[in-house]
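Taking it in order: structure first as structure tokens, then the write-up.
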Amino acid sequence: MFIYNSLSHRKEEFVPVVPGHVSMYTCGPTVYHFAHIGNLRTYIMEDILDRYLRYSGYDVKRVMNITDVGHLTSDADTGEDKMLKGARREHKTVMEIADFYTKAFFADCEKLHIRMPDVIEPATHCIDDFIRVISKLLETGYAYAAGGNIYFDTSKLSQYYVFHGFTEEDLEVGVREGVEADSNKKNKADFVLWFTKSKFDGQELNWDSPWGRGYPGWHIECSCISMKHLGERLDIHCGGIDNAFPHHTNEIAQCEAYLGHKWCNYWMHVLHLNTNAGKMSKSSGEFLTVSLLEEKGYDPLAYRLFCLQSHYRKILVFSWENLDNAAKTYDKLIGRVAQLDLDTKEPVDNVALDEFKRAFVAALDNDLNSSLAVTAVYDVLKANVNDATKIAALNDFDQVLCLDLVASAKKRQSEKDVSAETPASDDPFIAYIQEQIQKRADAKKNKDYATADAIRNDLAEKGVVLIDSKEGTTFQIKG
Ligand code: AMP
Ligand code: ZN
91 MFIYNSLSHR
101 KEEFVPVVPG
111 HVSMYTCGPT
121 VYHFAHIGNL
131 RTYIMEDILD
141 RYLRYSGYDV
151 KRVMNITDVG
161 HLTSDADTGE
171 DKMLKGARRE
181 HKTVMEIADF
191 YTKAFFADCE
201 KLHIRMPDVI
211 EPATHCIDDF
221 IRVISKLLET
231 GYAYAAGGNI
241 YFDTSKLSQY
251 YVFHGFTEED
261 LEVGVREGVE
271 ADSNKKNKAD
281 FVLWFTKSKF
291 DGQELNWDSP
301 WGRGYPGWHI
311 ECSCISMKHL
321 GERLDIHCGG
331 IDNAFPHHTN
341 EIAQCEAYLG
351 HKWCNYWMHV
361 LHLNTNAGKM
371 SKSSGEFLTV
381 SLLEEKGYDP
391 LAYRLFCLQS
401 HYRKILVFSW
411 ENLDNAAKTY
421 DKLIGRVAQL
431 DLDTKEPVDN
441 VALDEFKRAF
451 VAALDNDLNS
461 SLAVTAVYDV
471 LKANVNDATK
481 IAALNDFDQV
491 LCLDLVASAK
501 KRQSEKDVSA
511 ETPASDDPFI
521 AYIQEQIQKR
531 ADAKKNKDYA
541 TADAIRNDLA
551 EKGVVLIDSK
561 EGTTFQIKG
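Using our numbering, read the sequence shown as starting at 91 and increasing by one per residue.
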């Protein structure tokens with residue numbers, strides 16, 4: 091497999107340190123709010139990598155942190171802890187906020203078919219590990235104490251700015267935002283390893299340390315959690331592009347200073363999901379969530395397909411129109427699969443199946459070209475082979491794509507049977523439902539989602555569940 095490595099700025103053949111095994115680290119969410127669909131673009135594309143490595147036969151161990159302390163509103167160590175801000179917004183404790191949004195994050199992941207990492211570690215569980223690593227950095231002269239905090243001394247490194255396109259000026263971000271620069275730093279690029287409580291009195295979470303009661307900086311958590319679970323040599327580290335600098339640059343600085351050798355071989359960065367107004371961000375407070383997409387009637391897997399249709403190294407522009415197109419494409423795909431004989435007992439043509447797999451593998455081997463992998467699905471549907479072979483290929487691809495095409499098609503076939511049996515509308519309740527369904531369809535056509543949602547909710551309260559599909563809306567009456 092070839093993958094674009096942000097360290098070398100080119101596509102490289104992926105060769106793990108231990109043949110057959112892959113250690114993979116992905117930066118997890120800062121759990122002070124819901125994940126937005128931009129964050130989830132990054133997690134979907136990381137999931138494709140994770141699943142494709144497994145599909146290719148690797149034994150993958152994937153680790154993810156949960157940032158529940160230390161991530162300040164500016165990546166340049168200024169501002170306040172995002173968790174604290176979230177807690178204040180909701181009049182809750184930091185740990186209540188962390189627990190709620192961590193669960194919400196994994197619920198979103200499940201809806202989007204993002205596999206759970208093998209290890210999930212909240213930063214607050216690893217304070218002793220952070221203290222141990224910071225102590226060694228102090229002993230070896232890579233860190234210093236100033237103004238009560240402990241800082242990493244970037245001037246001690248022979249190389250610091252490893253990711254392309256970032257300069258020292260980027261660190262002035264905090265200053266530009268009107269937040270005071272930290273005068274304790276010896277060099278502008280230095281960053282905090284450990285904050286003492288005195289500097290941020292409002293910090294709810296704090297622990298004893300050799301340097302006083304305080305809390306860890308954001309960058310140290312990923313370094314420590316990765317080394318703790320994946321050892322001294324990491325194969326691949328992923329994150330969204332905004333994490334490349336300063337976060338990942340600082341992770342490398344800490345790990346390599348601590349270990350005394352190269353730490354991570356491949357860095358994969360996913361570009362952002364933008365709206366016409368720019369980058370989607372949690373801190374702006376205006377963002378889209380998976381639940382919102384669902385409320386508007388979109389299947390979360392249509393959003394997964396939307397992401398897969400573009401390459402992870404290109405900015406993806408979100409608009410309702412673009413999402414509508416992806417939802418239509420998804421719907422049509424399921425419709426086409428539903429035309430196959432899904433219960434066929436015919437023999438699979440293994441020669442043709444291997445040919446299909448080769449095209450699929452060639453797409454993903456080339457820097458995870460997911461949109462070509464989706465094209466491979468269309469090629470299967472168009473091919474002149476029996477249904478059994480098509481279904482075998484689709485099931486094989488779905489180990490990575492996870493779009494549930496065959497299962498959804500089966501469901502659609504059985505729903506069709508149900509709708510064909512729908513009682514005639516001389517039943518007043520059924521007539522009412524049918525009328526409401528028509529009203530909702532009209533509202534959706536006029537993009538009046540509020541009315542459409544209200545109708546869906548009203549019916550749900552009466553025990554009627556609506557099921558949208560290409561052929562229209564059917565319903566089930568519960569209980
Ligand atoms: P956070 O919860 O802010 O720590 O971010 C979680 C992940 O989402 C990180 O890997 C970020 O780099 C990534 N991310 C943040 N904003 C976006 C965006 N608009 N599009 C794609 N990924 C993003
Ligand atoms: Zn990280």
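C-beta: ideal position from N, C-alpha, C; glycine also.
query                                                                                                                                                                  : result
Look at ASP158 and PRO212 and say whether their C-beta atoms are less than 8 Å apart.                                                                                  : yes
Can you tell me which of TYR115, PHE104, PHE124 puts its alpha carbon nearest to the alpha carbon of LEU382?                                                           : PHE124
Any heavy atom of ligand 2 within a distance shorter than 7 Å of the CB on CYS492?                                                                                     : no
Just to confirm before moving on: does the CB-CB distance between VAL121 and PHE220 stay below 8 Å?                                                                    : no
According to DSSP, is VAL265 helix, strand or coil?                                                                                                                    : Because the pLDDT of VAL265 is 38, which lies under 50, any placement of that residue in the model is unreliable, and the number read from its coordinates should be weighed accordingly. In this structure, VAL265 counts as helix in the three-state DSSP scheme.
Our contact map puts CYS328 next to LEU139 with C-beta atoms below 8 Å; I'd like the distance itself, whole angstroms only.                                            : 7 Å
Between the stretch 223–236 and the stretch 302–320, do at least 3 Cβ pairs fall closer than 8 Å?                                                                      : yes
Any heavy atom of ligand 2 closer than 7 Å to the CB of GLU170?                                                                                                        : no
Can you tell me whether DSSP reads GLY329 as helix, strand or coil?                                                                                                    : strand
Using the DSSP secondary-structure output, state which residues sit across from GLY368 in a beta bridge.                                                               : THR365
With hydrogens ignored, establish whether the beta-carbon of HIS362 is closer than 7 Å to any heavy atom of ligand 1.                                                  : yes
If you follow the beta strand (DSSP E) that ILE240 is part of, which residue opens it and which one closes it?                                                         : 239–242
With a cut-off of 5 Å, give the chain-ordered residues whose Cβ is closer than this to any heavy atom of ligand 2.                                                     : CYS117, CYS312
Report the three-state DSSP secondary structure of GLN566 (helix, strand or coil).                                                                                     : strand
Skipping 5 residues on each side, what residues in its chain have a beta carbon closer than 6 Å to that of LEU363?                                                     : GLY128, ARG131, MET370, LEU406, PHE408
What is the residue span of the alpha helix (DSSP H) that PRO300 lies within?                                                                                          : It is not in any alpha helix (DSSP H) - PRO300 carries neither H nor E in the DSSP assignment.
Please say whether LEU484 and VAL470 have beta carbons closer to each other than 8 Å?                                                                                  : yes
I need the straight-line Cα distance from THR365 to PRO518, nearest angstrom please.                                                                                   : 45 Å
For SER400, collect the residues of the same chain with a Cβ closer than 7 Å to its Cβ; drop the 5 residues on either side in sequence, then sort them by chain order. : LEU406, SER461
Is the stretch 277–287 touching the stretch 349–356, taking contact as three or more C-beta pairs under 8 Å?                                                           : no
Mind checking GLU384: buried by the 16 CB within 10 Å criterion, or exposed?                                                                                           : exposed
Can you tell me which of the three DSSP states VAL441 falls into?                                                                                                      : helix
Considering only residues of the same chain and omitting the five flanking positions on each side of ALA449, which have a CB-CB separation below 7 Å?                  : ALA466, ASP469
Express the C-alpha separation of HIS338 and THR479 in angstroms, rounding to a whole number.                                                                          : 44 Å
Taking 7 Å as the cut-off, is the C-beta of ASN412 nearer than that to any heavy atom in ligand 1?                                                                     : no
Report buried or exposed for SER245, applying the criterion of at least 16 other Cβ atoms within 10 angstroms of its Cβ.                                               : exposed
Tell me whether PRO390 sits in a helix, a strand or coil according to DSSP, three-state version.                                                                       : helix
Using three-state DSSP, classify MET317 as helix, strand or coil.                                                                                                      : helix
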